[in-house]
Structure formats: C-alpha cells, structure tokens
Amino acid sequence: QKEVEQDPGPLSVPEGAIVSLNCTYSNSAFQYFMWYRQYSRKGPELLMYTYSSGNKEDGRFTAQVDKSSKYISLFIRDSQPSDSATYLCAMIGMNTGFQKLVFGTGTRLLVSP
Amino acid sequence: DGGITQSPKYLFRKEGQNVTLSCEQNLNHDAMYWYRQDPGQGLRLIYYSQIVNDFQKGDIAEGYSVSREKKESFPLTVTSAQKNPTAFYLCASSITEQETQYFGPGTRLLVL
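For the record, the sequence lines run as chains A and B. Sequential numbering of the first sequence, starting at 229, is according to the numbering used here. Sequential numbering of the second sequence, starting at 99, is according to the numbering used here.
Encoded structure:
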C-alpha cells in the first residue's frame, strides 16, 4: 500500500463547477499538508499548505485536512479552464531529523468552457 | 526575481554518456532536492542536501551523483549506470529541510 493515495483521474468538469480533489494517507505522523498545481511540462507550483487539521481558504481554493480519517481535500470554486492541470498532494512529518516530503501521484483536472 | 532555474529544458543522452543537469536558486535556501517524475508514479526523491558541502541519498540514488559546493547550486549528474534515465527531472529548494519546497521548471531527459 502506498503511503499516499490519489485518484489519477482525469476529472472532467464544466466551467463554473465546484471541484473536489482528495488524497488519503496511511502515516499518522504526517502533520503538514500541501497542494501543488502542475501544468503540462512545467514544475509544480505551491497552491496551499495547512498544518494539522482544519480548513484554509485562499480565494477560490479551500484546503481541508481531517487527520482522524487521514483524508485531505482541495476544493476549487467557480472552476476555470485555466485550472486545467494536474494537482499533487504532498505531506510531511514533523519529527526531528530529515523528513521526506511524500507526494501523491496527482489528479488530472480538465475544465471545459 | 527570486526563484529556481533549471537548465537545459530538454537534454538528450547517448548510450554510455554521463550528462549533468543544472539547478540554481537565489532564494537563499539551505536545503535543495532532486526528484524524478515518471507518468503514474509521482515524484521520487533522488538526492537531497540540507547544507553546503553535504548531501544524502534519497530513495532512488543509484546511477546518479550530485555535488553541493555552493549554496545556490545543486547539479545532478545522470551516469551511464542509470539504465532507464528517460524522465522529467525536478529540482526544489526550501529554507530548511522541514519547510515548504519550491520547484524549478524541470528538465526533460531523453535517451537517443
């Protein structure tokens, strides 16, 4: 079983839809959670980061962490064609010593006009 | 502008050849990383460096080598021992090893 599971998609939605992207994980030591957006043939761009449980909102994006269920989500409101990209979740523990950032495989999102 | 640069954007390797991928950052970050991205496998850590003149192997270091002689630079050499080098290579940096990582634009390596 992978440490982080993410549905590869593609997820196809019409413009203006609310999008929900999700990851599940198995390591309860993960404390810090990130979402990256990656356009085709480009490097990942940091979108959101949250520490421990709870919600964080930034414009049209909301990141949600449920540590009891080991489940994180990224919601995109009023989705736009420019949101079409692959979304990677990533997480890391906060123990002493080097902690590796663990990535999901990414969900490809397609927003049609 | 602060950021991470990688060059070249595309690189072609012949059989038996070593090639070097460049990564430079002007963010004054201590930690730097190299990842390999293959379709359906996510990002896998090749090497990381927490400070100048020090680096450690990641999960898939075989066939790769790095150096960290300057804080700003972390070049990756793909040696002839790496039998399946075709992939998208990403360099990242962070203030320290437990902070958020920022990525460069990537280098796509292809084998001729």
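Built from N, CA and C at the ideal position, the CB exists for glycine as well.
| Item | Value |
| --- | --- |
| Phe-289/A: contacting residues in chain B (beta-carbon distance under 7 Å) | By Cβ distance, chain B contributes nothing, its closest Cβ being about 16 Å from Phe-289/A, past 7 Å. |
| The region 169-187 of chain B contacting the region 104-117 of chain B, beta-carbon criterion three pairs below 8 Å | yes |
| Beta carbon of Glu-243/A nearer than 8 Å to that of Ser-340/A | yes |
| Whether Tyr-299/A touches Thr-252/A by CB criterion (8 Å) | yes |
| Coil, strand or helix - Ser-310/A by DSSP | helix |
| Beta carbon proximity, Gly-237/A to chain B, threshold 8 Å | no |
| Burial state of Phe-326/A, where buried means 16 or more other Cβ atoms lie within 10 Å | exposed |
| Distance between Phe-201/B and Gly-156/B (C-alpha atoms, nearest Å) | 17 Å |
| Ser-340/A (DSSP reduced to helix, strand or coil) | strand |
| Chain A contacts from the region 132-150 of chain B (Cβ-Cβ distance under 8 Å) | Gly-138, Gln-139, Gly-140, Leu-141, Leu-143, Tyr-146, Gln-148 |
| Segments assigned beta strand (DSSP E), at least 3 residues, entirely inside the region 253-290 of chain A | 258-266, 273-279, 282-286 |
| Thr-118/B - DSSP class collapsed to helix/strand/coil | strand |
| Cα-Cα separation, Arg-336/A to Val-247/A | 12 Å |
| Chain A contact for Pro-106/B (CB, 8 Å cutoff) | no |
| Chain B within 8 Å of Phe-261/A, Cβ atoms only | no |
| Interface flag, Gly-202/B vs chain A, CB-CB below 8 Å | yes |
| Alpha-carbon spacing of Gln-259/A relative to Glu-113/B, whole angstroms | 43 Å |
| Residue interval of the beta strand (DSSP E) (run including Val-176/B) | 174-176 |
| Sequence-distant residues of the same chain with beta carbon closer than 6 Å to Val-330/A, five excluded per side | Glu-231, Val-232, Met-319 |
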